[in-house]
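Q: Counting from 1, position 54 in the sequence shown corresponds to residue 54 in full-length UniProt numbering; the numbering is continuous, with no gaps. Ideal placement from N, C-alpha and C gives every residue a C-beta, glycine not left out. Take this structure first; my questions come after.
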Amino acid sequence: MDEEEYELVVEAAIVHNEIEVRDLPIGFHSEAVATQLGNFISQFSDYDMRVDMGSCRNFMSIRVSGDVRKPLKRWKKLRRSGQEWFLVKFRYECLTTFCFLCGCLGNSEQFCHILFSGDVSSVQRGWGYWLKTAMRQPSLAGDKWL
Ligand SMILES: [Zn+2]
Numbered sequence: 001m002d003e004e005e006y007e008l009v010v011e012a013a014i015v016h017n018e019i020e021v022r023d024l025p026i027g028f029h030s031e032a033v034a035t036q037l038g039n040f041i042s043q044f045s046d047y048d049m050r051v052d053m054g055s056c057r058n059f060m061s062i063r064v065s066g067d068v069r070k071p072l073k074r075w076k077k078l079r080r081s082g083q084e085w086f087l088v089k090f091r092y093e094c095l096t097t098f099c100f101l102c103g104c105l106g107n108s109e110q111f112c113h114i115l116f117s118g119d120v121s122s123v124q125r126g127w128g129y130w131l132k133t134a135m136r137q138p139s140l141a142g143d144k145w146l
């Protein structure tokens with residue numbers, strides 16, 4: 001039987017994204033940390049720090065640009081020298097379609113290369129909608145001005 005070979009060619013596409021860094025302790029809100037995290041996620045371009053006076057919590061958001069063919073980063077372990085490790089989590093603004101199996105932008109899981117690469121019994125969804133920043137809930141009534 002003839003076997004056809006398919007090669008899926010994905011062009012390099014650079015996307016820009018804004019990422020919320022969560023669970024970052026006080027003392028880690030610096031340009032140096034923002035730059036390191038941004039370059040870990042992909043290519044750092046800018047950052048923004050805010051203080052939420054209501055909850056007295058600090059927020060850091062990082063702007064990056066990166067190649068869609070690389071999996072979205074979900075978290076990173078950090079620590080001060082000699083202290084315990086902790087986890088900071090990343091949440092993305094304006095994510096378009098992305099794959100819950102491989103974490104890459106631009107395809108959904110039914111077309112994922114992982115499904116066509118042999119044993120699928122151990123395939124797990126390591127990514128999910130939880131990677132998006134909280135979005136405003138759409139109004140049930142449709143038009144909020146009615
Ligand atoms: Zn995939």
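(1) Going by DSSP in three states, residue 43 sits in which element: helix, strand or coil?
(2) Give the straight-line distance between the Cα atoms of residue 25 and residue 50, rounded to the nearest whole angstrom.
(3) Is the stretch 99-117 touching the stretch 32-46 in the sense that three or more CB pairs, one from each, lie closer than 8 Å?
(4) Under 5 Å, CB to any heavy atom of ligand 1. Which residues pass, going along the chain?
(5) What are the boundary residues of the beta strand (DSSP E) that includes residue 77?
(6) Report the option in 131, 134, 70 whose CA atom is closest to the CA atom of residue 15.
(7) If you draw a straight line from the alpha carbon of residue 103 to that of residue 44, how long is it in whole angstroms?
(8) Can you grab the Cα-Cα spacing for the pair residue 110 / residue 125, in whole Å?
(9) Suppose you measure from the CA of residue 128 to the CA of residue 122; what does that come to, to the nearest Å?
(10) Mind checking who residue 92 pairs with in its DSSP beta bridge?
(11) Considering Cα atoms alone, identify which of 37, 42, 67 is closest to residue 60.
(12) Just how far apart, CA to CA, sit residue 147 and residue 90?
(13) Considering Cα atoms alone, identify which of 42, 40, 63, 39 is closest to residue 19.
A: Checking against the coordinates, here is how it stands:
(1) As a first step, residue 43 is located in the sequence shown; it is residue number 43 there, counting from the start. Note: residue 43 maps to strand in three-state DSSP.
(2) The residue given as residue 25 occupies position 25 in the sequence shown. The residue given as residue 50 occupies position 50 in the sequence shown. When rounded, the distance between both Cα atoms is 13 Å.
(3) no
(4) 99, 101, 102, 112
(5) In the sequence shown, the residue the question calls residue 77 occupies position 77. Here the beta strand (DSSP E) through residue 77 covers 75-78.
(6) In the sequence shown, counting from the first residue as 1, residue 15 sits at position 15. Here the closest residue by C-alpha is 70.
(7) Numbered from its first residue, the sequence shown carries residue 103 at position 103. Numbered from its first residue, the sequence shown carries residue 44 at position 44. Looking at the two C-alpha atoms, the distance is approximately 19 Å.
(8) Along the sequence shown, read from residue 1 onward, the residue named residue 110 stands at position 110. Along the sequence shown, read from residue 1 onward, the residue named residue 125 stands at position 125. Those two C-alpha atoms are separated by around 12 Å.
(9) Within the sequence shown, the letter at position 128 stands for residue 128. Within the sequence shown, the letter at position 122 stands for residue 122. Approximately 17 Å, taken between the alpha carbons.
(10) The sequence position of residue 92 within the sequence shown is 92, counting from 1. Per DSSP, 19, 132.
(11) By one-based count along the sequence shown, residue 60 stands at place 60. Of the candidates 37, 42, 67, the one whose C-alpha sits nearest the C-alpha of residue 60 is 37.
(12) Outside the modelled stretch of the chain, which goes from 1 to 146, sits residue 147, for which no answer is possible.
(13) For the purposes of this step, residue 19 is identified with residue 19 of the sequence shown, where counting begins at 1. When only C-alpha atoms are compared, the closest one is 63.
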